[in-house]
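Peer 1:
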Amino acid sequence: MRREVSVRNALPQEPGESEATIRAEAFSEAERAAVYRAIFERRDVRRHFLPDPVPEEVLTRILTAAHHAGSVGFMQPWNFLVVRDPATRRAVKGLFEQANEAAAARYRGQRAALYRSLKLEGIEEAPLSVCVTCNRQRGGRHVLGRATVPETDLYSTCCAIQNLWLAARAEGIGVGWVSILDHGALKRLLGIPRSVRVVAYLCLGYVSTFARRPDLETAGWRARLPLERVVYRERWGAGGAANGEGA
Ligand SMILES: Cc1cc2nc3c(=O)[nH]c(=O)nc-3n(C[C@H](O)[C@H](O)[C@H](O)COP(=O)(O)O)c2cc1C
Numbered sequence: 068m069r070r071e072v073s074v075r076n077a078l079p080q081e082p083g084e085s086e087a088t089i090r091a092e093a094f095s096e097a098e099r100a101a102v103y104r105a106i107f108e109r110r111d112v113r114r115h116f117l118p119d120p121v122p123e124e125v126l127t128r129i130l131t132a133a134h135h136a137g138s139v140g141f142m143q144p145w146n147f148l149v150v151r152d153p154a155t156r157r158a159v160k161g162l163f164e165q166a167n168e169a170a171a172a173r174y175r176g177q178r179a180a181l182y183r184s185l186k187l188e189g190i191e192e193a194p195l196s197v198c199v200t201c202n203r204q205r206g207g208r209h210v211l212g213r214a215t216v217p218e219t220d221l222y223s224t225c226c227a228i229q230n231l232w233l234a235a236r237a238e239g240i241g242v243g244w245v246s247i248l249d250h251g252a253l254k255r256l257l258g259i260p261r262s263v264r265v266v267a268y269l270c271l272g273y274v275s276t277f278a279r280r281p282d283l284e285t286a287g288w289r290a291r292l293p294l295e296r297v298v299y300r301e302r303w304g305a306g307g308a309a310n311g312e313g314a
């Protein structure tokens, strides 16, 4: 018999409550539609945040989804530092303003004008932030699978962030990734140890709308590449509609 799916029983169960395996049936039509809907309707959000607080139980569901990401050697190298304090977020906004000024100065002419017109964060508008970090020492010196490609702990942390982003969308919560920040200064501000890497500073909050297309696409910064351009078959560059690496 098909399992009933609700947010509650989709959450991981206590050990012992569940059988060791789950039948590998495809999801029902409605379940599949919901998964793809979360993927296609996920957006990076910087505006239209509502001031409504995000309840702890909703935040816990989203962070639980993040914590269930794949990780190299089951290392689980992430931490999620939740920041609600407006004074702290104001200080982070100050770091953004400094870094963004330096970033804007790298562009010239029309591109510079377009860059300056973009809204690239919602640090103060969103009611909370989550700083996602990667502890590169977690699991000791020999993490299974990581010896060959040491950055796989950082990739693992990005997998957690994507889970968070999709779960948030399913909850009607927008997420904005702010990378225009001096991570050293951010670490000092938030008391993050030097040995721990900041991977993302995320702004979270309920939103009135999700845009159908990425803001940067609408602003004319860049268009989505056709899928055929990024899929190769058997050999690098082969089988795509337009081969070769372009901008
Ligand atoms: C690693 C990473 C860093 C990003 N940093 C920023 C940022 O600093 N400011 C910003 O406005 N968007 C940032 N974004 C969001 C991207 O601009 C956005 O994902 C992209 O334009 C596609 O839009 P979509 O997420 O709505 O599909 C970042 C996204 C990623 C994955």
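Residue numbers (our numbering): 68 to 314.
Note that beta-carbon positions come from the ideal geometry of N, C-alpha and C, so glycine has one too.
Quick caveat, the model's predicted, so the values are computed rather than measured.
Between which two residues does the alpha helix (DSSP H) containing residue 184 stretch?
Peer 2: Position 117 of the sequence shown, counted from the start, is the residue given in the question as residue 184. Unbroken alpha helix (DSSP H) run through residue 184: 176-184.
Peer 1: Could you work out which residue in 160, 145, 100, 202 is closest to residue 253 when comparing CA atoms only?
Peer 2: In the sequence shown, residue 253 corresponds to position 186, counting from 1. Ranking 160, 145, 100, 202 by Cα distance to residue 253 puts 160 first.
Peer 1: By DSSP, does residue 148 sit in helix, in strand, or in coil?
Peer 2: Along the sequence shown, one-based indexing puts residue 148 at 81. Looking at residue 148 - three-state DSSP - the assignment turns out to be strand.
Peer 1: Any heavy atom of ligand 1 closer than 7 Å to the Cβ of residue 245?
Peer 2: The sequence position of residue 245 within the sequence shown is 178, counting from 1. Residue 245: yes, Cβ under 7 Å from ligand 1.
Peer 1: Specify the secondary structure class of residue 264 as computed by DSSP and reduced to three states.
Peer 2: The residue given as residue 264 occupies position 197 in the sequence shown. In this structure, residue 264 counts as strand in the three-state DSSP scheme.
Peer 1: Could you tell me which of 80, 107, 94 sits nearest to residue 237, measuring between CA atoms?
Peer 2: Indexing the sequence shown from 1 puts residue 237 at position 170. Ranking 80, 107, 94 by Cα distance to residue 237 puts 107 first.
Peer 1: State the Cα-Cα distance for the pair residue 80 and residue 123, rounded to the nearest angstrom.
Peer 2: Residue mapping note: residue 80 aligns to position 13 of the sequence shown, counting from 1. Residue mapping note: residue 123 aligns to position 56 of the sequence shown, counting from 1. If I take the Cα positions, the gap works out to 19 Å.
Peer 1: State the DSSP-derived secondary structure class of residue 232, mapped to helix, strand or coil.
Peer 2: In the sequence shown, residue 232 corresponds to position 165, counting from 1. Correct three-state label for residue 232: helix.
Peer 1: Here's the rule: buried if 16 or more other CB atoms are within 10 angstroms of the residue's CB, otherwise exposed. What is residue 116?
Peer 2: Along the sequence shown, read from residue 1 onward, the residue named residue 116 stands at position 49. With 16 or more Cβ atoms within 10 Å of its Cβ, residue 116 is classed as buried.
Peer 1: Which class does residue 89 belong to by DSSP, given the choice of helix, strand or coil?
Peer 2: Against the sequence shown, residue 89 aligns to sequence position 22. Three-state result, residue 89: coil.
Peer 1: Out of 194, 78, 98, 127, which one is the CA nearest neighbour of residue 114?
Peer 2: For the purposes of this step, residue 114 is taken as the residue at position 47 of the sequence shown. Comparing Cα-Cα distances from residue 114 to each of 194, 78, 98, 127, the minimum goes to 194.
Peer 1: Could you give the distance in angstroms between the alpha-carbon of residue 266 and the alpha-carbon of residue 120?
Peer 2: Here residue 266 refers to the residue found at position 199 when the sequence shown is read from its first residue. Here residue 120 refers to the residue found at position 53 when the sequence shown is read from its first residue. If you take the alpha carbons of residue 266 and residue 120, they lie about 25 Å apart.
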